[in-house]
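I have placed the structure first, in the form of structure tokens, so that the comments after it can refer back to it.
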Amino acid sequence: MGLTCADELVRAGHDVTVCDPSPGAGATYAAAGMLAPAGEAWFGEELLLRLGQESLARWPSFASSLSERSNIDVDLRAGGALLVAGDRDDLEEVHRACRLLDDSGVRFEELGRRELRVREPRLSSRTVGGAFLPDDKQVNPRRVVDALLAVLGDRVVRQRAVVRKDGVALEDGTRLRADVVVLATGATGLPRVRPVRGEIVRVRTTDAPACVLRARLHGERVYVVPRRDGEVVIGATEEEHSTNDVAPIPTVGGVARLLETARALLPGLETAQILEITARDRPGSPDNGPLIGDVPSDGPARHLLAGGHYRGGVLLAPVTAAAICAYVAGRETPPFVDAFAPDRFNALNRDEDSCT
Ligand SMILES: Cc1cc2nc3c(=O)[nH]c(=O)nc-3n(C[C@H](O)[C@H](O)[C@H](O)COP(=O)(O)OP(=O)(O)OC[C@H]3O[C@@H](n4cnc5c(N)ncnc54)[C@H](O)[C@@H]3O)c2cc1C
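For the sequence shown, my numbering begins at 17 and goes up steadily by one.
See the structure below:
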């Protein structure tokens, strides 16, 4: 989030420094890269769906500009996603999701058991139906980070920062004065943001599905995201944690459940090679929506928050960066952004507004 905002601000002519001891190593490192406003849509989150669609529409031009400027292909792919159900209860949830998409004017195609397996013959014969979401996309977040680091160059200072009244202080004692500090520290150090742990597995197979699969099998959720060269991303667990908990580590229980469900969905994964198991904390917020905009500052530097993007930070990066840039310039923000201002949680205690 910080890198994308920095890129947008640099392109708008601002003098920008990114302070991060390990850029791209947080939640973004784990992310599957689904750009899936339709796949993630749920009741009560209709504005988040709209914000996601707004950001999805910005991805093609963002990706091509970034790839052109960095010479790194970020692997943006269309191709849609399949919702897959393992039994009648799971299918009922697919039907409910489709009703919500219908009410919101989002394209989808409901599929019976046979139609589903015609679209993806690698699916287990035990799947009972689903839906096709033609507009969801995917990107490789690690390539996006590499591309952003390449274009930002020495504007990125690899040090932890602490917010000060007039800017930030770095670990080595350097003080950087700033008119605006954009706070984008992921799951830690932001008001209202809490860590929601996710474990994810990367495998290689000769039997990868043709498009993203998002399945519920007897209540267990799993998604499978095919990438280049037979790499497939299998995710992801979700577990609430306190900010003081140990750093995220993959657990036997979480990974076993993921792999079992993925193998039940796609029997061909039986012989896949395990490449990597990763755990990271998503930046969760009280209503699952991001926090984008001003937060109180007790000094001359203005504080803007770009955080709490929870399960959709990759999707929401372009619209968030455009919004931060608009706030800095005093321009109108992109559609639906205002609904995600941090002060929407005003009823909560003032102490929680401070940033570390
Ligand atoms: C398993 C998993 C799968 C996911 N899949 C998807 C997906 O398919 N699609 C999608 O859209 N989203 C997905 N997400 C969510 C997405 O990854 C996050 O919403 C997004 O990466 C958040 O970006 P961020 O920059 O806010 O946080 P992070 O990526 O965590 O980055 C925060 C950065 O802040 C730095 N930092 C922290 N404290 C300081 C400090 N004091 N000073 C300086 N720097 C600091 C850290 O070093 C880190 O680099 C997934 C997340 C997980 C965990």
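By construction, the Cβ of each residue, glycine as well, lies at the ideal position given by its N, Cα and C atoms.
Check                                                                                                                                                                                              : Outcome
Taking the straight line between their C-alpha atoms, what separation do you get for residue 2 and residue 226?                                                                                    : Because residue 2 is not part of the residues shown, which for the chain are 17 to 372, the question remains open.
Give the straight-line distance between the Cα atoms of residue 118 and residue 313, rounded to the nearest whole angstrom.                                                                        : 42 Å
Does residue 35 pass the burial test, meaning 16 or more other C-beta atoms within 10 Å, or should it be called exposed?                                                                           : buried
Check whether the stretch 30-44 and the stretch 270-285 are in contact - that is, three or more C-beta pairs closer than 8 Å.                                                                      : no
Could you tell me which uninterrupted beta strand (DSSP E) segments, each at least 3 residues in length, are contained entirely in the stretch 101-187, listed from first to last along the chain? : 125-128, 145-149, 177-180, 183-186
Leaving out five residues before and five after residue 348 in sequence, what residues of the same chain have Cβ atoms less than 6 Å from its Cβ?                                                  : none
Go ahead and pull the three-state DSSP assignment for residue 92.                                                                                                                                  : coil
Note down the Cα distance separating residue 281 from residue 299, rounded to an integer number of angstroms.                                                                                      : 28 Å
Using the beta-carbon count (16 or more within 10 Å), is residue 355 buried or exposed?                                                                                                            : exposed
What does the alpha-carbon distance come out to for the pair residue 179 and residue 190?                                                                                                          : 12 Å
Between the C-alpha atoms of residue 239 and residue 265, what's the straight-line distance to the nearest angstrom?                                                                               : 20 Å
Measuring alpha carbon to alpha carbon, tell me which of 49, 359, 183 ends up nearest residue 159.                                                                                                 : 49
What residues in its chain sit with their C-beta under 7 Å from that of residue 284, if we drop five residues either side in the sequence?                                                         : 138, 221, 223
Would you tell me roughly how many angstroms separate the C-alpha atoms of residue 215 and residue 47, rounded to the nearest one?                                                                 : 10 Å
Measuring straight from C-alpha to C-alpha, what distance separates residue 279 and residue 235?                                                                                                   : 15 Å
Helix or strand or just coil, what does DSSP make of residue 35?                                                                                                                                   : strand
Closer than 7 Å by C-beta to residue 76: which residues in its own chain qualify, once you throw out the five before and the five after it? Chain order, please.                                   : 92
Please confirm whether residue 275 and residue 217 have their CB atoms less than 8 Å apart.                                                                                                        : yes
Near residue 105, what residues of its chain come up, given a Cβ to Cβ distance below 6 Å and the 5 sequence neighbours on each side ignored?                                                      : none
Tell me the DSSP secondary structure of residue 354 in three-state form.                                                                                                                           : helix
I need the straight-line Cα distance from residue 230 to residue 317, nearest angstrom please.                                                                                                     : 43 Å
With a Cβ-Cβ cutoff of 8 Å, do residue 344 and residue 196 count as a contact?                                                                                                                     : yes
Can you tell me whether residue 290 is helix, strand or coil according to DSSP?                                                                                                                    : strand
Tell me where the beta strand (DSSP E) around residue 251 begins and ends.                                                                                                                         : 247-251
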